[in-house]
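Novice:
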Amino acid sequence: GIISGGRKPVHWSPSSRTALAEAELEYPDNHISKSIYVAFDVTSPSEGLKSYLEQGPLKVAIWTTTPWTIPANLAVAVNEQLEYCVCKNPLNSQRMLVAKGLVDTMSAKLGLEEGQGLEVEGTLLGKDLAGTKYFHSVCERESEVVIGGDYITTDSGTGLVHTAPGHGQEDYQTGLKYGLPLLSPVDDAGKFTAEAGERFQGLSVLGDGNTEVIAALEEKGSLLLGEDYNHKYPYDWRTKKPTIFRATDQWFASVDSFRDDAMAAIDKVTWIPEIGKNRISAMTQSRSDWCISRQRTWGVPIPVFYHKETKEALLTQESIDHVQQIFAEHGSDAWWTMSVAELLPASHREEADQWEQGRDTMDVWFDSGTSWAGVAGAR
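Mapped onto the numbering used here, the consecutive letters of the sequence shown carry residue numbers 21 to 399.
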């Protein structure tokens with residue numbers, strides 16, 4: 021159960037067209053994103069919000085530094101323990117939901133003078149907002165306000181978090197909790213697919229696509245404001261170009277089944293200096309699934325076969341043993357040069373025309389991290 025395949029959001033490099041591990045990322049200090057504040061109309065309030073909607077139109081206000089993920093928005097998440105305010109802008113009477121701890125910040129962002137900021141009409145806990153529905157003006161669909169986790173704070177933004185399960189790890193976990201689709205309308209080159217809508221299809225999400233999404237929001241009257249945001253952002257360490265978070269089919273290694281053994285092994289080592297133990301312990305304790313597959317043209321192939329029609333994966337001890345024997349005799353290039361019939365184990369050879377070998381290669385760090393065991397065992 022350590023190795024498994026699945027569709028999850030991963031760091032993706034459009035410039036290299038492959039998934040990347042955290043160790044393959046750089047975070048330059050001078051990256052500037054276009055951050056935006058967006059307001060979507062509430063269409064169906066929760067019980068606690070019902071009386072406020074009866075008094076007039078109300079919006080959910082969200083903030084994001086990745087406007088290109090707005091077409092993939094499927095929910096707005098709140099922290100059930102935080103307090104949220106129903107606020108009114110005195111300049112245009114627009115009413116919106118904002119976390120209590122961010123009302124003053126939001127007032128300043130909207131250009132309201134001190135003492136004449138957003139007017140608070142009422143306060144509710146986040147848990148009382150759950151179930152509220154809002155209308156996504158650009159994609160013309162209704163979505164729901166859901167309960168997120170502790171990652172929702174009042175450090176920045178509005179306290180209501182734009183949630184796109186196909187483009188963020190926390191968004192993905194929230195999506196799993198509520199059974200949301202894993203929408204990721206972006207291709208390997210970092211361009212919008214047809215799922216994003218005809219207006220955006222083919223545009224680069226890190227270029228014209230980002231700009232076009234902002235323009236669409238403004239046309240719909242959903243853009244509150246936009247501003248440059250200087251922050252650390254993940255770049256591909258090879259191409260020196262920005263990456264994105266994108267849901268793709270990959271292979272993962274999970275440490276959950278042996279995390280306790282690894283922690284025990286760390287305690288048996290004498291560390292000099294001692295700080296090294298603290299660092300590796302913290303890393304091991306918090307380690308999430310490791311994406312071990314890469315979409316590169318060179319590397320050790322992952323010996324998996326896929327059914328041409330059902331896309332079912334074939335990766336069994338029998339198939340691995342057979343491929344391992346072939347590699348021992350002919351080298352790993354045999355995966356690319358030999359026929360599927362030759363590569364398949366005996367139990368599947370007669371149906372070779374129904375299968376095709378996978379094209380993914382193994383993360384070189386997984387390869388190098390395990391090669392010593394193979395060498396030591398052979399000697």
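We put the beta carbon where it would ideally sit given N, CA and C, even for glycine.
What's the call for residue 266, buried or exposed, on a 16-neighbour Cβ count within 10 Å?
Specialist: Position 246 of the sequence shown, counted from the first residue, corresponds to residue 266. The residue in question, residue 266, is buried, as its Cβ has 16 or more Cβ neighbours within 10 Å.
Novice: Could you check where the beta strand (DSSP E) with residue 129 kicks off and where it finishes?
Specialist: Within the sequence shown, numbered from 1, the residue matching residue 129 stands at position 109. No beta strand (DSSP E) contains residue 129, which is instead part of the alpha helix (DSSP H) from 123–129.
Novice: Buried or exposed for residue 356, please, with buried defined as at least 16 other CB atoms from any protein chain shown within 10 angstroms of its CB.
Specialist: Against the sequence shown, residue 356 aligns to sequence position 336. Exposed, since its Cβ has fewer than 16 Cβ neighbours within 10 Å.
Novice: Tell me whether the stretch 75–85 and the stretch 38–52 touch, counting them as touching only if at least three CB pairs, one residue from each stretch, are closer than 8 Å.
Specialist: The answer is no - the stretch 38–52 does not touch the stretch 75–85, with fewer than three Cβ pairs under 8 Å.
Novice: In whole angstroms, give me the CA-to-CA distance for residue 366 and residue 388.
Specialist: Working through the sequence shown from its first residue, we reach residue 366 at position 346. Working through the sequence shown from its first residue, we reach residue 388 at position 368. Approximately 30 Å between the Cα atoms of the pair.
Novice: Any idea what DSSP makes of residue 270, helix, strand or coil?
Specialist: What you label residue 270 is simply residue 250 of the sequence shown in a count that begins at 1. Three-state result, residue 270: strand.
Novice: For residue 101, count neighbouring C-beta atoms within 10 Å of its own C-beta (all shown protein chains included) and say buried if the count is 16 or more, exposed if not.
Specialist: To locate residue 101, count along the sequence shown from 1; it is residue 81. Exposed, since its Cβ has fewer than 16 Cβ neighbours within 10 Å.
Novice: CB-CB under 7 Å to residue 209, same chain, minus the five flanking residues each way: which ones, in chain order?
Specialist: As a position in the sequence shown, residue 209 is number 189, starting the count at 1. Hits under 7 Å: 34, 37.
Novice: Checking 8 Å against the spacing of the C-beta atoms, do residue 148 and residue 64 come in under that value?
Specialist: Numbered from its first residue, the sequence shown carries residue 148 at position 128. Numbered from its first residue, the sequence shown carries residue 64 at position 44. The answer is no: Cβ separation not under 8 Å.
Novice: Could you give the distance in angstroms between the alpha-carbon of residue 379 and the alpha-carbon of residue 321?
Specialist: Translated into the one-based positions of the sequence shown, residue 379 becomes position 359. Translated into the one-based positions of the sequence shown, residue 321 becomes position 301. Answer to the nearest angstrom: the Cα atoms are 7 Å apart.
Novice: Does the pairing of the stretch 135–151 with the stretch 91–106 give three or more beta-carbon distances under 8 Å?
Specialist: Flag = yes, the stretch 135–151 and the stretch 91–106 touch.
Novice: Using only the alpha-carbon positions, how far apart do residue 194 and residue 85 sit?
Specialist: Position 174 of the sequence shown, counted from the first residue, corresponds to residue 194. Position 65 of the sequence shown, counted from the first residue, corresponds to residue 85. Taking the straight line joining both Cα atoms gives about 19 Å.
Novice: Tell me, please, whether the CB atom of residue 160 is closer than 8 Å to any CB atom in chain C?
Specialist: Structure shown: chain C not included; a single protein chain is present.
Novice: Could you please give me the residues that DSSP links to residue 161 through a beta bridge?
Specialist: In the sequence shown, counting from the first residue as 1, residue 161 sits at position 141. Residue 161 is bridged to 156.
Novice: Residue range of the beta strand (DSSP E) that residue 198 falls in?
Specialist: The sequence position of residue 198 within the sequence shown is 178, counting from 1. Counting along the chain, residue 198 falls outside any beta strand (DSSP E), though it belongs to the alpha helix (DSSP H) covering 189–198.
Novice: Just mark residue 318 as buried or exposed, buried being the case when its beta carbon has 16 or more other beta carbons within 10 Å.
Specialist: If you number the sequence shown from 1, residue 318 lands on position 298. Looking at its Cβ environment, which holds fewer than 16 other Cβ atoms inside 10 Å, residue 318 is exposed.
Novice: Inspect the beta-carbon positions of residue 104 and residue 83 and report whether they are closer than 8 Å.
Specialist: The count along the sequence shown starts at 1 and reaches residue 104 at position 84. The count along the sequence shown starts at 1 and reaches residue 83 at position 63. It is not a contact, given that the beta carbons lie outside the stated cut-off.
Novice: When we look at the beta-carbon of residue 229 and count the other beta-carbons within 10 Å, is it buried (16 or more) or exposed?
Specialist: Position 209 of the sequence shown, counting from 1, holds the residue named residue 229. So residue 229 counts as buried.
Novice: Mind checking which residues open and close the alpha helix (DSSP H) that includes residue 234?
Specialist: Counting from one through the sequence shown, the residue named residue 234 turns up at place 214. Note, residue 234: alpha helix (DSSP H), 228–239.
Novice: Given that a residue counts as buried once 16 or more other Cβ atoms are within 10 Å of its Cβ, and exposed if not, what is residue 179?
Specialist: By 1-based counting over the sequence shown, the position of residue 179 is 159. Buried: at least 16 other Cβ atoms inside 10 Å.
Novice: In its own chain, which residues sit with a C-beta less than 6 Å from the C-beta of residue 338, not counting the 5 before and 5 after it?
Specialist: Residue mapping note: residue 338 aligns to position 318 of the sequence shown, counting from 1. Only 365 meet the Cβ criterion.
Novice: Ordered along the chain, which non-local residues of its own chain (more than five positions away) have a Cβ less than 7 Å from that of residue 150?
Specialist: The residue given as residue 150 occupies position 130 in the sequence shown. Cβ neighbours of residue 150 beyond the five flanking positions: 66, 165, 166, 167.
Novice: Considering only the alpha carbon of each residue, which of 311, 314, 340 lies closest to residue 324?
Specialist: The count along the sequence shown starts at 1 and reaches residue 324 at position 304. Minimum Cα distance to residue 324 is reached at 340.
Novice: Which term fits residue 205, buried or exposed, when burial requires 16 or more other beta carbons within 10 angstroms of its beta carbon?
Specialist: The residue you call residue 205 lines up with position 185 of the sequence shown. Result: buried.
Novice: Measure how close the beta-carbons of residue 375 and residue 334 come, nearest whole angstrom, since I'm counting them as under 8 Å.
Specialist: Here residue 375 refers to the residue found at position 355 when the sequence shown is read from its first residue. Here residue 334 refers to the residue found at position 314 when the sequence shown is read from its first residue. About 7 Å separates the two Cβ atoms, so the contact holds.
Novice: On the three-state DSSP scale, how would you describe residue 186?
Specialist: Looking up residue 186 in the sequence shown gives position 166. Residue state, collapsed to three classes: helix.
Novice: Decide yes or no for the touch test of the stretch 290–297 against the stretch 343–353: beta carbon pairs closer than 8 Å, at least 3 of them.
Specialist: With the cut-off at 8 Å, the stretch 290–297 and the stretch 343–353 do not touch.
Novice: Beta carbon of residue 402, beta carbon of residue 212: below 8 Å?
Specialist: This structure gives no information on residue 402, because the portion of the chain shown stretches from 21 to 399.
Novice: On a Cα-Cα basis, can you pick out the residue from 259, 308, 107 that is closest to residue 275?
Specialist: Along the sequence shown, read from residue 1 onward, the residue named residue 275 stands at position 255. Comparing Cα-Cα distances from residue 275 to each of 259, 308, 107, the minimum goes to 308.
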